[in-house]
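Heads up: the sequence shown begins at 1081 in the numbering used here, then just goes up one per residue.
Note that CB positions come from ideal geometry on N, CA and C, so glycine has one too.
Let me begin by presenting the structure, written as structure tokens, before commenting on it.
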Amino acid sequence: MMRTVPDLGVYIHFPYCRKLCPYCDFAVAVAHPEPPHEVYLAAVLAELAARAPAVLAGGAPALRSIYFGGGTPSWWRPDCLAAVVEAVITTLAPGTRAAALEITLEANPSDCTPASLAGWRAAGINRVSIGVQSLDDGELRVLGRDHRHGDGAAAIAAARAAGLRSVSGDAILGAPRPGRATSPAPALADLGCDHVSAYELTIEARTAFGKRTAAGRMVPRDEDELAALYLATDEAMRARGFEHYEISSYARPGHRAVHNSLYWSGGDFLGLGAGAASFLSTPDAADGGGVRTLNTRRARAYLAAPTAAGSEHRHEPAAEVARDRLWLGLRTSDGVDAALVGAAGADAALAGLAEAGLVELARGRWRPTLRGFLFSDQIARRVVAG
1081 MMRTVPDLGV YIHFPYCRKL CPYCDFAVAV AHPEPPHEVY LAAVLAELAA RAPAVLAGGA
1141 PALRSIYFGG GTPSWWRPDC LAAVVEAVIT TLAPGTRAAA LEITLEANPS DCTPASLAGW
1201 RAAGINRVSI GVQSLDDGEL RVLGRDHRHG DGAAAIAAAR AAGLRSVSGD AILGAPRPGR
1261 ATSPAPALAD LGCDHVSAYE LTIEARTAFG KRTAAGRMVP RDEDELAALY LATDEAMRAR
1321 GFEHYEISSY ARPGHRAVHN SLYWSGGDFL GLGAGAASFL STPDAADGGG VRTLNTRRAR
1381 AYLAAPTAAG SEHRHEPAAE VARDRLWLGL RTSDGVDAAL VGAAGADAAL AGLAEAGLVE
1441 LARGRWRPTL RGFLFSDQIA RRVVAG
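So this is what it looks like as structure tokens:
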């Protein structure tokens, strides 16, 4: 039976970093002096060829985006990036122009030189997400970043001058240091970013920050202070003409992240590389639903067997997929169609969340309130529980 294929995004994980940030819990590996550019490229292309039949089983998908994340994908040579872009389009959507897609590269500020930006544009990159994180040198030192505040501003200016379609900046809220916490997000907007992702710092147990916290050598920010910072960020970004369209995401009109929006709206995504995740829907199968795969996090293991990378592989029944789409959709200002609530068996949960002031029903859609954005974890738990 043919599978009806929804919009598709392709994520490529480049795990290599020059150093490990103390808060990072992603699938990363430190490489010296250079990452294995060609070897990793060959592995990703081999995985793409092996995974393509499953993606194409119901016909060519509607490819919308390509996203290079990491790690530090801006460390990967531009010719390698170009080879991946060409292979993805040729394999999954032949005839598609790269310019018709959103093609994003996560970039360290120190990598955003005019020469690199020109190389990225030639490779098909039309959007960069710059890991500025903070514009305060004290915070940057605490966060273990290898750049200073001037580098972040210079990177944004260089990206703007390069003529990219969209420039995004990442900001971390609540770095653990003495003094009152301030938000870098409004300054990133003032420097010319079209899109800002403002993430509250999360302390993960197996990171350096997690170990320092467990040992009593680091004290995270107070939750009330972080909530006030979040609300202040929302107010400042709205005043600058940005829409707060997802819990941590702000965009000028026309600059929402297409790739990330696929995740939140329940689209299909193919993940390539170490630690990458995939979801392919199977609505025409007997029980509907979809298939999730997760690649090994270890770069060496991935390189040894890239065509067998989807080591964790499981089918999700339609009801579980509906619940996933529900709580992910409730991360966004668009919310979800009310019909999805019934399909997910979550009518009682949504009624309780509405009574608590976390969601509201308007014009046939359930949407989170600003208070709901603050308590997104509670919304997810209630929805998943049914």
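The region 1354 to 1409 contains, as complete beta strand (DSSP E) runs of 3+ residues, the segments 1357 to 1361, 1370 to 1374 and 1392 to 1396 (chain order).
DSSP, read as helix, strand or coil, puts G1272 in coil. A direct Cα-to-Cα measurement between Y1343 and G1254 gives close to 26 Å. In this structure, DSSP gives E1435 a helical state, which the three-state scheme calls helix. By the Cβ test, the region 1406 to 1420 is not in contact with the region 1372 to 1389, since fewer than three Cβ pairs between them sit closer than 8 Å. In summary, G1370 is buried, with 16 or more beta-carbon neighbours lying within 10 Å of its beta-carbon over all protein chains present. In this structure, W1156 places its C-beta atom within 8 Å of the C-beta atom of H1117. Counting of Cβ neighbours within 10 angstroms places P1264 among the buried residues, the total reaching 16 or more. DSSP places L1430 within a helical segment (H, G or I) once states are collapsed to three.
Judged by DSSP secondary structure, E1326 falls outside any alpha helix (DSSP H) and instead within the beta strand (DSSP E) spanning E1323 to E1326. For H1093, the enclosing beta strand (DSSP E) stretches over residues D1087 to F1094.
Beta-bridge partners assigned by DSSP to Y1330: V1276 and H1324.
The continuous stretches of beta strand (DSSP E) do not include D1217, which lies in the alpha helix (DSSP H) extending over residues D1217 to V1222. The alpha-carbon of P1174 is positioned some 36 Å away from that of C1104. Short of 6 Å from the beta carbon of F1455, and not among the five residues preceding or following it, lie these beta carbons of its own chain, in chain order: L1438. Here the alpha carbon of E1284 sits roughly 38 Å from the alpha carbon of A1180. When the alpha-carbon of R1411 is set against those of A1460, L1244 and L1215, the nearest one is in A1460. Nearest Cα to G1249 within the set R1445, L1128, A1429 and L1215: L1215. By the CB criterion at 8 Å, S1246 and H1335 fall inside the cutoff.
In the three-state reduction of the DSSP assignment, D1348 falls in the strand class. Comparing alpha-carbon positions, the option among A1198, R1131 and A1398 lying closest to F1349 turns out to be R1131. Within the region 1102 to 1175, the complete alpha helix (DSSP H) segments at least 4 residues long are 1117 to 1135 and 1158 to 1172, listed from N- to C-terminus. Counting only the Cα atoms, T1449 lies some 22 Å from A1423. The alpha carbon of K1099 has as its nearest neighbour, out of H1093, H1275, I1092 and P1115, the alpha carbon of P1115. Each of T1176, Y1147 and A1354 was checked against the Cα of A1123, and the nearest Cα belongs to A1354. A Cβ-Cβ contact shorter than 8 Å links E1127 with P1386. Following the DSSP letters along the chain, one finds S1456 in no beta strand (DSSP E) but inside the alpha helix (DSSP H) bounded by residues S1456 to A1465. E1303: not part of any beta strand (DSSP E); member of the alpha helix (DSSP H) spanning E1303 to A1319, first to last residue.
A direct Cα-Cα distance of roughly 20 Å separates G1224 from I1236. Residue nearest to G1089 within the set A1241, H1339 and A1137 is H1339 (criterion: CA-CA distance). Note on H1093: 16 or more other CB atoms within 10 angstroms of its CB, so buried under the neighbour-count rule.
Nearest to G1346 by alpha-carbon distance, out of P1300, P1333 and S1361, is S1361.
By the Cβ neighbour-count rule, G1296 is exposed, with fewer than 16 other Cβ atoms within 10 Å of its own.
Here DSSP, grouped into helix, strand and coil, assigns S1209 to strand.
In the structure shown, I1283 adopts coil according to DSSP, grouped into three states. Burial of P1158 is indicated by the presence of at least 16 other C-beta atoms within 10 angstroms of its C-beta.
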